[in-house]
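Enquirer:
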Amino acid sequence: MKKLFVTAVLILSVLASFSQWNWSNPTPFGWYLSDVHFPDEETGYIVGEKGVVLKTTDAGTNWEIKPTGTLRNLKMVWFTDIETGFVTSNGGFIMKTNDGGDTWQELESGTTENFNDIFFINSSTGFIAGMNGQLLRTTDGGETWNRAFINIYSDVYSVHFVNENVGYAAASMRTVYKTTNGGDTWTSTSGDPYLDLKSIFFLTPNTGYVAGNHNFMMKTTNGGASWTHFQSNLPIDHIHFINEQTGYALSYDTFVGVSQLVKTTNGGTTWIPVGMDHCVSYFFTSENTVFGTAFPGKIYKSTDAGVTYVNYTTTVTEADLRDVHFADETTGYAVGHYYDNSGLNYGQVLKTTDAGESWQIIDNGQFEHLVSVYFTDVNVGYISGWNGKIYKTTNGGQFWDNLLNIPGTTLRDITFVNENTGFVAGEYIGTGSILKTTDGGISWNSVFEGSPVRGIHFVDENLGFAILSYAVLKTENGGDDWIEIPINNNGILLDVFFVNQNVGYVCGFAGDFYRTTNGGETWINLSGQYYNSLLNMYFVDEYTGYMCGDGCTFFQTDNGGYNWTQLDYLPCIGYGTVVFTNELTGYIVGDEGRIFKTTNGGLVFAKQNIKPEPGFTLFPNPTNSTVNIETIDNSSALPVNISIINCNGKIVKTVRDKILPTQMDINNLSAGIYFLRIESAHAVEIRKLIKM
């Protein structure tokens, strides 16, 4: 049975999704790519994260994105011809296309186990190997899948057929399964229960190779009746042999975390690298032509069996980028850090002068780990990071002067209000400070000392805000004096952003998010919509904002943070930063050098420009019996739905169509922390509620 997975509307929505944020580095794209398959020498397909399928019809010169309608991380791909193909993902997920990837259908696999390998004999008959005894077969082109009767405690890692009748599978417990009737029945040979066989390849019905863990390999010349065991010099997986002596494989070094394509010329005893580091998958279209994918998101081709390669992906950097700032709409700078081959940590600075169309590295390895950047114009800028370092350039990054060194201190956020006056927020082993300069960074003076300061934002030359772990700092005299405004948050605050003198936001650990409309005097608690830590945010106006979270999450709101949409289609950003140069043009930087750009506001929904409902207040809170709910200005409101959610995310009580003010009885709830969700026609607010 199969389900229609993609409708025309869904295809359009997925196409639109991919067009909202475009790759700026790497180019033309940088998704993690997990598998490659070519049904002929010209036509090939690659699959990867977020449901991406790439297709070439000219032997790799050009690649196009084929929308699949899924955001699953695709693991394997196999095409029986240039039009008909299959992709898989974990959890028993299979999809099929009959038109070269233009449309896709989800197939029923009958299992939720993870898959490890796929192999088709012809357009009708194919096999998928998976965990916990999953060796699936279809004989009707994927319409139905049936499980072969093998050991349910055996994990099947690899399957290979030499013709329509004879096939082999490699599994855990040093087990090789064999069929001579096209998969109707399988016989097995077992060995070491502590040794897993990861990959199998047969040149002929009789001659084949198996690779296992601990550098273990086997060879047979009599169809598996007997095996010769030997040790290779490297750990081997995904084997492919050209003849009995020459073969290729992936080798993963667990000590340094690097995989590479390797080659043997003596039947598998010794293997040597052939120039594709961080290789994830490979496929030979002829004896000498091989395509490969490599981390993070690279596509390679060799026409001389791995002697030389063409790289179809351009990557300026693979550094983990932590901040980005634009001096104007075309000139921007990004900073981050990377590790060299010896494990040393260095800072890195990137520059663009064409609005992110291209980037270049402009430092010479002189920096330590960098976390923040700010430019007062296209030439004059500042960067800060570990060990209390601040650097300044006056010529667009050609040369940098070291202005400050405070060993052990991390200067997390730097900003300037004019060409001479700037501030930097820092922390040092449980303490923190705000430093101020009025002479363009020549000298710095402390204007606040206390708890760690992780973010700072100025609305104008006088009004500014900074964040402590559990409070907001506010200054109205250019940073000379600061007042502390406590916030009853759940975790540590990480970022602060103000749109104007009145409207601002703070975010932090455990989904903490607060909004103010009176310059920070009071804060509306909008926490609890997500339980990720919220790391960094940018608002282009009172209602439209963007936010990076941990766990590879990115969010967008169009009603001032009352509702957030998670943009699942974006690849993993890591500890990223988002910034906009105008209402529509924005940039995201993140781990492994990933940079994205939007020129349409990154919209995944239409802007409504709806003014949020006024905030709600709960009292008493904490309480042991009842809680009263009112609007802050004590005005009447539209009907609201109210839900109480426990810390496991389960709704434990709901009332609908209530007119505020109202009272809820919570006598039957156990003591603890809850989240009260109030939803009207235009907004959602989530408040923390403590039951004593």
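Counting from 0, one number per residue, gives the positions in the sequence shown under numbering that gives the first Met the number 0.
Note that beta-carbon positions come from the ideal geometry of N, C-alpha and C, so glycine has one too.
(1) Going by DSSP in three states, Lys49 sits in which element: helix, strand or coil?
(2) Leaving out five residues on either side along the sequence, give the residues of the same chain with a beta carbon under 8 Å from the beta carbon of Gly141.
(3) Is Glu483 helix, strand or coil when you go by DSSP?
(4) Sorted by chain position, which residues of the same chain lie with C-beta nearer than 6 Å to Phe618's C-beta, five sequence neighbours on each side aside?
(5) Taking 8 Å as the cut-off, decide whether the C-beta atoms of Leu134 and Ala169 are in contact.
(6) Would a C-beta distance cut-off of 8 Å place Arg453 and Glu483 closer than the cut-off?
(7) Where Thr616 and Ser526 are concerned, what is the direct C-alpha to C-alpha distance, given to the nearest angstrom?
(8) Only counting the same chain, and skipping five residues up and downstream in sequence, which positions put a Cβ closer than 7 Å to that of Asp39?
(9) Whole angstroms are fine: how far does the CA of Trp30 sit from the CA of Gly573?
(10) Note down the Cα distance separating Asn667 from Val416, rounded to an integer number of angstroms.
(11) Would you mind listing the beta strand (DSSP E) stretches within the region 283 to 366 that are 3+ residues and don't spill past its ends, in chain order?
(12) Since I believe Asp183 is in contact with Ser171 (beta carbons under 8 Å), could you give me their beta-carbon distance rounded to a whole number of angstroms?
(13) Have a look at Tyr332 and Thr351 and give me their C-alpha separation to the nearest angstrom.
(14) To the nearest angstrom, how far is the alpha carbon of Thr138 from that of Trp144?
(15) Would you mind giving the Cβ-Cβ distance between Val46 and Gly100, rounded to the nearest angstrom? I have them listed as a contact below 8 Å.
(16) What are the boundary residues of the beta strand (DSSP E) that includes Gln104?
(17) Start and end of the beta strand (DSSP E) containing Gln555?
(18) Within 10 angstroms of its Cβ, does Pro485 collect 16 or more other Cβ (buried), or is it exposed?
(19) Gln19 lies in the beta strand (DSSP E); which residues open and close that run?
(20) When you compare only the Cα positions, how much space is there between Asp276 and His237?
(21) Given a threshold of 16 other Cβ atoms within 10 Å of its Cβ, counted over all protein chains shown, does Ile455 qualify as buried or as exposed?
(22) Using CA coordinates, which residue listed in Asn61, Asp511, Thr414, Gln244 is at the minimum distance from Val323?
(23) Of all the options Gln662, Leu467, Asn461, Gly223, which has the alpha carbon lying nearest to the alpha carbon of Thr430?
(24) Tell me where the beta strand (DSSP E) around Thr409 begins and ends.
(25) Could you give the first and the last residue of the continuous beta strand (DSSP E) run that contains Leu73?
(26) How about Ile151 and Gly166: are their beta carbons less than 8 Å apart?
(27) Measuring alpha carbon to alpha carbon, tell me which of Val257, Asn242, Phe283, Trp103 ends up nearest Gly267.
(28) Given Leu675, which residues of its chain have a CB within under 6 Å of its CB, disregarding the five upstream and five downstream residues?
(29) Quick one: what's got a C-beta closer than 8 Å to Ser12's C-beta in the same chain, skipping five residues either side?
(30) What do you get for Arg173, buried or exposed, if any count of 16 or more other CB atoms within 10 angstroms of its CB means buried?
Expert: Reading from the atomic positions:
(1) Note: Lys49 maps to helix in three-state DSSP.
(2) Correct list, in chain order: Lys1, Phe85, Ile93, Lys95, Leu106, Gly125.
(3) When DSSP states are grouped into helix, strand and coil, Glu483 belongs to the strand group.
(4) Shown here for Phe618: same chain residues with a beta carbon closer than 6 Å to its own, the five before and five after excluded, namely Asn627 in chain order.
(5) Against a cut-off of 8 Å, the Cβ pair of Ala169 and Leu134 comes out as no contact.
(6) No, the Cβ-Cβ distance between Arg453 and Glu483 is not below 8 Å.
(7) Cα to Cα, Thr616 sits roughly 14 Å from Ser526.
(8) Only Ile81 meet the Cβ criterion.
(9) The alpha-carbon separation between Gly573 and Trp30 amounts to approximately 13 Å.
(10) Their backbone Cα atoms lie some 53 Å apart in a straight line.
(11) For the region 283 to 366, the full-length beta strand (DSSP E) segments reaching 3 residues or more read 289 to 293, 297 to 301, 319 to 325, 331 to 338, 344 to 351 along the chain.
(12) Not really, about 23 Å apart at Cβ, beyond 8 Å.
(13) Near 6 Å, if we compare the C-alpha coordinates of Thr351 and Tyr332.
(14) Answer to the nearest angstrom: the Cα atoms are 8 Å apart.
(15) With a beta-carbon spacing of about 10 Å, Val46 and Gly100 fall beyond the 8 Å limit used to define contacts.
(16) Note, Gln104: beta strand (DSSP E), 104 to 106.
(17) Note, Gln555: beta strand (DSSP E), 552 to 556.
(18) With fewer than 16 Cβ atoms within 10 Å of its Cβ, Pro485 is classed as exposed.
(19) Segment 7 to 19 is the alpha helix (DSSP H) holding Gln19; no beta strand (DSSP E) there.
(20) Each residue's alpha carbon lies about 15 Å from the other.
(21) With 16 or more other CB atoms across the displayed protein chains lying within 10 angstroms of its CB, Ile455 is buried.
(22) Among Asn61, Asp511, Thr414, Gln244, the Cα nearest to that of Val323 is on Thr414.
(23) Ranking Gln662, Leu467, Asn461, Gly223 by Cα distance to Thr430 puts Leu467 first.
(24) Counting along the chain, the beta strand (DSSP E) containing Thr409 begins and ends at 409 to 415.
(25) Taken as a continuous stretch (DSSP letters only), the beta strand (DSSP E) holding Leu73 covers 73 to 78.
(26) No.
(27) When only C-alpha atoms are compared, the closest one is Asn242.
(28) Ile643, Arg686, Leu688, listed in sequence order.
(29) Below a pLDDT of 50, predicted positions are generally treated as unreliable, and Ser12, at 37, falls in that range; the measurement from the model is reported next regardless. Taken in chain order, the list of residues that qualify is empty.
(30) Counting Cβ neighbours within 10 Å, Arg173 comes out buried, since at least 16 surround it.
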